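Notes follow once the structure below has been shown.
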Amino acid sequence: MKNLLFTFIFLNASLLFSQNQNSEQFPTFPNCENKNGAELENCFYNQIQNFVFNNFKVPENLKQNNYKGIAIVLFEVDTIGVFKVQYVDAVYPELIAESKRIFSTLPNIKPATYSGKPT
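Residue numbers are given in the numbering used here: position 79 of the sequence shown equals residue 77, and the series is strictly consecutive.
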């Protein structure tokens, strides 16, 4: 009986530890495909930041007034890898429009996955 109980516990433990430990994965840009875990997350955010900094055009009327401020963008990457803006918080409508424009020009990427399925 002890041997049977030990075998049962051993098999259950091996099944639990053999499960895929990386069931969640961040959305992935092509430049980030060789990264995992926290490195992949950092790479994702760095790619977004670089893209926005290189492509965001401050509206002319705000440039003339030396506007300094922020625009907060809430977005998601859908199941086919397309960026979708959910919400933009900015003082000026021009900043909202430019933020939406920038995110609409981001390339499609590999979507996030959970248990191997795109989310």
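Every residue, glycine too, gets a C-beta built ideally from N, C-alpha and C. Computed from a predicted structure; not experimentally measured.
- For residue 100, no beta strand (DSSP E) run applies; the uninterrupted alpha helix (DSSP H) run containing it begins and ends at 91 to 103, by DSSP.
- Distances from the CA of residue 77 to each of 54, 86, 112, 60 were compared; the closest alpha carbon is that of 112.
- Ranked by how close their Cα comes to the Cα of residue 100, the residues 90, 42, 30, 51 have 51 in first place.
- Rounded to the nearest whole angstrom, the CA to CA distance from residue 27 to residue 34 is 12 Å.
- The beta carbons of residue 110 and residue 49 sit about 18 Å from each other, so the pair does not count as a contact at 8 Å.
- The beta carbons of residue 67 and residue 83 sit about 18 Å from each other, so the pair does not count as a contact at 8 Å.
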